[in-house]
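Enquirer: Counted from 1, the first sequence has number 103 at position 104 by numbering that gives the first Met the number 0; the numbering is strictly sequential. Note that the Cβ used here is the ideal one computed from N, Cα and C, for glycine as well. Treat the numbers as computed from the prediction; the structure is a model and nothing was measured. Dumping the structure here so I can ask a few things about it.
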Amino acid sequence: MEIDLIEEIYKLVRQVPRGRVSTYGAVARALGDIIASRAVGLVLNLNPDPDRTPCYRIIASDGSVGGFSRGIEEKIERLRRDGIEVRNGKVMNFGKVFFDDFDTDYPLKRLRKEQMRLSRKVRLKDELGEIRYVAGFDAGYSKSDPLTAHGAIVTIELESMEIVEEMIARKRIRFPYIPTYLAFREFPVFLEAYRRIKIQPDLILVDGNGILHPFKLGIASHIGVSLDLPTIGVAKNLLMGEMRGEDVVYQGEVLGKAVYSSRKPIFVSPGHRMSLDTAVRLVRKLCRYRIPEPVRLAHILAKS
DNA sequence: GCGACAG
DNA sequence: ATCTTGTCGC
Numbered sequence: 000m001e002i003d004l005i006e007e008i009y010k011l012v013r014q015v016p017r018g019r020v021s022t023y024g025a026v027a028r029a030l031g032d033i034i035a036s037r038a039v040g041l042v043l044n045l046n047p048d049p050d051r052t053p054c055y056r057i058i059a060s061d062g063s064v065g066g067f068s069r070g071i072e073e074k075i076e077r078l079r080r081d082g083i084e085v086r087n088g089k090v091m092n093f094g095k096v097f098f099d100d101f102d103t104d105y106p107l108k109r110l111r112k113e114q115m116r117l118s119r120k121v122r123l124k125d126e127l128g129e130i131r132y133v134a135g136f137d138a139g140y141s142k143s144d145p146l147t148a149h150g151a152i153v154t155i156e157l158e159s160m161e162i163v164e165e166m167i168a169r170k171r172i173r174f175p176y177i178p179t180y181l182a183f184r185e186f187p188v189f190l191e192a193y194r195r196i197k198i199q200p201d202l203i204l205v206d207g208n209g210i211l212h213p214f215k216l217g218i219a220s221h222i223g224v225s226l227d228l229p230t231i232g233v234a235k236n237l238l239m240g241e242m243r244g245e246d247v248v249y250q251g252e253v254l255g256k257a258v259y260s261s262r263k264p265i266f267v268s269p270g271h272r273m274s275l276d277t278a279v280r281l282v283r284k285l286c287r288y289r290i291p292e293p294v295r296l297a298h299i300l301a302k303s
């Protein structure tokens, strides 16, 4: 069963008693990683039942009330009805009413361990047969329905660069975007689309990173190891690491390379069954524009 | 207010 | 990621 982190967040929020408040960061720590604090806010913004899940009791860590989809005034009013005093947008006696005693099994820590386990299976020597079909994967979302992911796979023939197959899948999202946990959000919809394609790709390019990840398991590696297929990660922005010329270095290791197929670079890292140099060579070959064709076409399809 | 961390 | 017409420049 896939993890429903959105429900985990609501369950934590329901633990905050009347007359107490907690913070986005405290809920994130109870999930297992402070990096999820912004995601907590975004999920609470989508709270379908504010009467059952008192998200107004979650405020910013500086004691200011933070946002509320029905207006900040309504949030302050609800806090006052709980007996919380608010002055100038700040909760009074914040230290006294702050709740942090969550009952939790730290789901994100479990997922982090899963990443570490899978990262040991990543192989970075070239294990490619003849490459004829190259697939690209990307996911898209819409503001009007942010809880549905549209996963697109477009497969092209490398030699002709012609599209040979397109597939789109839709799936309910139960995991917010959290930096370094992207695969837990998008892998399910990838799999949904992948299961339906008829032409077996020899290589998959993924919108996101490969080993250019704090635990060397970005979404491209996650997909590669899970399917034992050659994969490459292609990111439009840098997640981590520092530039040394065109190398992206993290903790003394070159994990990725900036590829300048246009003015603004993309950041390429091997996902699985591939060396960095081979990943870069293949990406260059696939670039008609800034983004390599299979990913660019998948991006367009995911938005349609 | 700034900085900022794939999508 | 999403909200988004037309316009300018290479």
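Entirely within the segment 118-206 and at least 4 residues each: give me those alpha helix (DSSP H) ranges in chain order.
Expert: If we require 4 residues or more, the alpha helix (DSSP H) runs fully inside the segment 118-206 come out as 181-195.
Enquirer: For the segment 192-211 and the segment 165-173, state whether three or more C-beta atom pairs, one from each stretch, are separated by less than 8 Å.
Expert: Touching, yes, given that three or more Cβ pairs across the two stretches are closer than 8 Å.
Enquirer: Between Gly62, Glu73, Lys10 and Ala301, which has its C-alpha nearest Pro106's C-alpha?
Expert: Cα-wise, what sits closest to Pro106 is Lys10.
Enquirer: How far does the alpha helix (DSSP H) with Phe93 in it extend, from its first residue to its last?
Expert: Where Phe93 is concerned, the enclosing alpha helix (DSSP H) stretches over Phe93 to Val96.
Enquirer: Answer yes if the segment 60-68 comes into contact with the segment 35-51, meaning at least three C-beta pairs across the two stretches below 8 Å, and no otherwise.
Expert: Judged by Cβ distances under 8 Å, the segment 35-51 makes contact with the segment 60-68, as three or more pairs qualify.
Enquirer: Let me confirm a value: Leu281 is counted as buried when at least 16 other C-beta atoms fall within 10 Å, else exposed. Which label applies?
Expert: Counting Cβ neighbours within 10 Å, Leu281 comes out buried, since at least 16 surround it.
Enquirer: Start and end of the beta strand (DSSP E) containing Lys256?
Expert: Taken as a continuous stretch (DSSP letters only), the beta strand (DSSP E) holding Lys256 covers Glu252 to Val258.
Enquirer: Any contact of the segment 125-138 with the segment 257-276, i.e. 3+ C-beta pairs under 8 Å?
Expert: These segments touch.
Enquirer: If you draw a straight line from the alpha carbon of Thr154 to that of Leu204, how long is it in whole angstroms?
Expert: Distance between the alpha carbons of Thr154 and Leu204 is about 10 Å.
Enquirer: Is the beta carbon of Ile58 less than 9 Å from the beta carbon of Val90?
Expert: Cβ distance < 9 Å, so Ile58 and Val90 count as in contact.
Enquirer: Could you tell me which of Ser141, Arg289 and Phe214 sits nearest to Leu181, measuring between CA atoms?
Expert: Selected option, being the one with the closest Cα: Phe214.
Enquirer: Can you tell me the Cα-Cα spacing of Thr147 and Leu202, whole angstroms?
Expert: Going by the C-alpha atoms only, they are around 27 Å apart.
Enquirer: Could you tell me the boundaries of the beta strand (DSSP E) in which Val247 lies?
Expert: Note, Val247: beta strand (DSSP E), Asp246 to Tyr249.
Enquirer: What is the rounded straight-line gap between the Cα of Asp32 and the Cα of Asp206?
Expert: Between Asp32 and Asp206, the C-alpha separation is close to 24 Å.
Enquirer: Which two residues bound the contiguous beta strand (DSSP E) that contains Ile28?
Expert: Reading off the sequence shown, one finds Arg at residue 28, where the question assumed Ile. Per DSSP, Arg28 belongs to no beta strand (DSSP E); it is in the alpha helix (DSSP H), Tyr23 to Leu30.
Enquirer: Mind checking whether Glu241 and Lys256 have CB atoms under 9 Å apart?
Expert: It is not a contact, given that the beta carbons lie outside the stated cut-off.
Enquirer: When you compare only the Cα positions, how much space is there between Thr277 and Gly139?
Expert: Going from the Cα of Thr277 to the Cα of Gly139 covers about 28 Å.
Enquirer: Could you spell out where the alpha helix (DSSP H) holding His298 opens and where it closes?
Expert: Looking at the DSSP string, the run of the alpha helix (DSSP H) that includes His298 is Glu292 to Lys302.
Enquirer: Would you grab the beta carbon distance between Phe266 and Leu211 for me? Rounded to a whole angstrom, and I think it's under 8 Å.
Expert: Going by Cβ atoms, the distance from Phe266 to Leu211 rounds to 6 Å, so yes, they are a contact pair.
Enquirer: Sort out for me which residues DSSP pairs Phe266 with in a bridge.
Expert: Bridge partners of Phe266: Ala234 and Ala257.
Enquirer: For Glu6, report the span of its alpha helix (DSSP H) as first-last.
Expert: That run of the alpha helix (DSSP H) goes Leu4 to Val12.
Enquirer: Give the range of the beta strand (DSSP E) segment to which Arg280 is assigned.
Expert: Unbroken run through Arg280 is the alpha helix (DSSP H), Leu275 to Leu285; no beta strand (DSSP E).
Enquirer: Pick from Val233, Ser260 and Ser268: whose alpha carbon is nearest that of Tyr249?
Expert: Measuring from the Cα of Tyr249, the nearest candidate turns out to be Ser268.
Enquirer: For Asn236, which residues from the same chain have a beta carbon less than 8 Å from its beta carbon, with the 5 sequence-adjacent residues on both sides left out?
Expert: Counting only Cβ-Cβ distances below 8 Å, and skipping sequence neighbours, we find Phe266.
Enquirer: Could you tell me the distance, in whole angstroms, from the CA atom of Phe93 to the CA atom of Gln14?
Expert: Answer to the nearest angstrom: the Cα atoms are 18 Å apart.
Enquirer: Ends of the alpha helix (DSSP H) at Leu77?
Expert: It should be noted that the sequence gives Arg, not Leu, for residue 77. Element bounds for Arg77: Ile71 to Arg80.
Enquirer: Just mark Arg51 as buried or exposed, buried being the case when its beta carbon has 16 or more other beta carbons within 10 Å.
Expert: Arg51 comes out exposed.
Enquirer: In its own chain, which residues sit with a C-beta less than 7 Å from the C-beta of Thr179, not counting the 5 before and 5 after it?
Expert: The residues are Ile34, His212 and Pro213.
Enquirer: Mapping DSSP to helix, strand and coil, what is His271?
Expert: Of the three classes helix, strand and coil, the one that applies to His271 here is strand, per DSSP.
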